[in-house]
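Numbering (this note's numbering), first residue to last: 3 to 503.
Every residue gets a Cβ at the ideal spot worked out from N, C-alpha and C, and that includes glycine.
These numbers were taken from a predicted model, which means no experiment stands behind them.
Single-structure report; data block below.
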């Protein structure tokens with residue numbers, strides 16, 4: 003099948019600006035993107051001899067070149083691997099040895115991360131070289147006959163954040179990219195007139211595929227920043243006339259605390275898409291007070307990523323819900339035997355859809371474990387209410403058992419977030435001689451507020467069963483975050499274990 007989006011987009015929107023890199027003010031129209039991609043595709047295949055299925059890795063901050071590589075891959079069948087530049091040199095080395103790229107493209111500032119690398123690619127380019135061979139040739143007319151590819155061919159290898167274990171390389175196919183765009187367009191009424199701002203890192207599917215690739219597929223506009231800065235990003239919503247953007251609760255909280263937030267009009271913004279974790283009601287209300295409506299959702303690297311959406315009209319009425327499923331997606335809630343649970347009961351979320359990965363790169367064991375009878379098992383525990391709205395109860399691996407009772411940390415966190423002094427909280431299960439495991443709440447108190455562990459324990463006791471009330475409360479200035487902005491419970495668990503030894 004033809005997977006080359008640019009060839010058709012140039013017939014519809016040749017002179018329309020597709021992308022702007024904010025810091026450098028570099029822009030590319032759809033025709034210029036086509037010129038760049040054709041030129042680079044010719045170099046990769048004719049001069050470097052790269053072949054379909056070989057990997058091209060990039061270690062760089064957000065850049066136009068990430069998307070240039072994607073368009074080149076749509077023409078050639080190469081597989082793009084965006085690497086997390088925040089990882090240590092040893093961690094990057096592990097990923098290189100796993101994906102074995104034939105070409106590695108590195109931004110100069112990250113060269114030191116390769117000093118401990120034991121894997122040597124056939125070709126090593128700087129990001130500046132790709133810019134010279136690609137972006138700087140944007141007016142150079144170059145023809146390239148795109149290859150016929152299979153829709154299940156991988157387009158990306160996207161490494162998961164690894165908060166529950168070693169990173170796994172998710173095979174993200176051309177088919178997944180297409181159907182995720184279709185699902186997204188249907189749910190958010192995406193048009194070619196829409197404009198988005200991408201500030202989450204492109205080595206995560208949240209930055210790459212939640213809004214950026216659907217916008218490009220639709221012929222819309224993408225403004226891109228190299229990395230997140232709350233003050234600047236907040237200003238850009240007005241300056242770039244953004245209509246839809248995506249963030250996580252942490253980034254929206256930081257934006258709401260800026261001076262720019264107080265003076266911004268946000269007059270063009272239709273809504274903000276929020277994922278990663280539930281958004282607290284006070285933060286929703288803060289954004290709603292500026293007439294920016296919140297559409298919470300749910301996604302994952304292995305599926306979608308856009309899977310559920312809660313319409314902003316239901317943001318408060320169904321607070322805590324991830325909404326209902328996107329169009330071309332089958333979802334079930336099952337018990338340990340794979341049988342559907344009754345409505346309202348907690349079970350594991352499973353999917354079947356053209357947006358489901360075929361598996362993990364170089365990891366047949368993990369692939370086999372993730373699928374049962376054609377359904378992808380997420381490890382997420384959810385329930386569905388009487389109106390069909392879904393709620394994430396917790397990660398299956400986050401659940402702990404206290405005195406024989408299943409305890410879901412997310413349920414406790416939801417209660418604690420209702421306390422007026424709580425800014426952030428994460429609950430983990432820790433060992434206990436009597437009960438097997440008990441809860442420990444890691445808490446950040448709002449600036450200027452004061453609350454004791456006993457007060458928080460009493461607050462929980464009024465609202466939760468006794469076995470759900472955390473036994474321990476520990477106060478932090480800030481909770482550790484993953485690169486995607488989520489609270490990193492793995493680090494909290496490691497700290498508890500080190501203190502207990």
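| Item | Value |
| --- | --- |
| Beta strand (DSSP E) containing residue 225: first to last residue? | 223 to 226 |
| Between which residues of its own chain and residue 238 is the CB-CB distance below 8 Å, once the five residues before and five after are set aside? | 24, 199, 225, 227 and 244 |
| Residue 216: which of 351, 21 and 160 sits nearest, CA to CA? | 21 |
| Would you tell me roughly how many angstroms separate the C-alpha atoms of residue 9 and residue 45, rounded to the nearest one? | 18 Å |
| According to DSSP, is residue 164 part of a helix, a strand, or is it coil? | Residue placement at residue 164 cannot be trusted, given a pLDDT of 43 that sits under 50; the coordinates are not used to answer. |
| Buried or exposed, going by whether 16 or more other CB atoms sit within 10 Å of the CB of residue 499? | exposed |
| Is residue 223 closer than 8 Å to residue 246 when the C-beta atoms are compared? | no |
| Would you decide whether residue 145 is buried or exposed? Buried here means 16 or more other CB atoms lie within 10 Å of its CB. | exposed |
| Using DSSP bridges, identify the partner residues of residue 15. | For residue 15, which the question treats as bridged, DSSP gives no partner whatsoever. |
| Quick check on DSSP: helix, strand or coil for residue 313? | coil |
| Can you list, in chain order, the stretches of the alpha helix (DSSP H) that have 4 or more residues and sit fully within the segment 368 to 433? | 411 to 418 |
| Leaving out five residues before and five after residue 165 in sequence, what residues of the same chain have Cβ atoms less than 8 Å from its Cβ? | Any reading at residue 165 must be qualified, since the residue scores a pLDDT of 38, below 50, and its modelled position is unreliable; no value is offered. |
| Got a sec: is the Cβ-Cβ distance from residue 483 to anything in chain B below 8 Å? | In the structure shown, chain B cannot be found, because there is only a single protein chain. |
| Would DSSP call residue 286 helix, strand or coil? | helix |
| Please report the Cβ distance between residue 94 and residue 61, rounded to the nearest whole angstrom; I am assuming they are in contact, meaning their Cβ atoms lie under 8 Å. | 7 Å |
| Determine the direct distance from the alpha carbon of residue 412 to that of residue 286, and round the result to whole angstroms. | 18 Å |
| Leaving out five residues before and five after residue 5 in sequence, what residues of the same chain have Cβ atoms less than 6 Å from its Cβ? | 76, 151 and 176 |
| Pick out whichever of 436, 73, 236 and 369 has its Cα sitting closest to the Cα of residue 256. | 236 |
| To which residues of the same chain is residue 439 closer than 8 Å at the C-beta, ignoring the five residues directly before and after it? | 402, 403, 404, 409, 431, 432 and 433 |
| Return the residue from the list 170, 375 and 395 that minimises the CA-CA distance to residue 367. | 170 |
| Report the residue ranges of all beta strand (DSSP E) runs contained in full by the segment 115 to 179; include only those spanning at least 3 residues, in chain order. | 125 to 128, 156 to 161 and 171 to 175 |
| In chain order, what residues of the same chain have a beta carbon less than 7 Å from the beta carbon of residue 162, not counting five sequence neighbours either side? | 169, 170, 172 and 303 |
| Enumerate, from N- to C-terminal direction, the unbroken beta strand (DSSP E) stretches of 3 or more residues contained entirely within the segment 187 to 214. | 197 to 200 |
| Excluding the 5 residues preceding and the 5 following residue 372 in the sequence, name in chain order all residues of the same chain whose CB lies nearer than 8 Å to its CB. | 304, 361, 362, 378 and 379 |
| Find out if the Cβ-Cβ distance for the pair residue 84, residue 106 is shorter than 8 Å. | no |
| Classify residue 50 as helix, strand or coil using the three-state DSSP reduction. | coil |
| So, for residue 301: in the same chain, excluding its five sequence neighbours on each side, which residues have a beta-carbon less than 8 Å away from its beta-carbon? | 207, 208, 212, 277, 307, 308, 309 and 310 |
| Taking residue 275 as part of the beta strand (DSSP E), name the residues at either end of that continuous run. | 273 to 276 |
| For the alpha helix (DSSP H) that contains residue 257, what are its first and last residues? | 251 to 258 |
| Pick helix, strand or coil for residue 281, following the three-state DSSP scheme. | coil |
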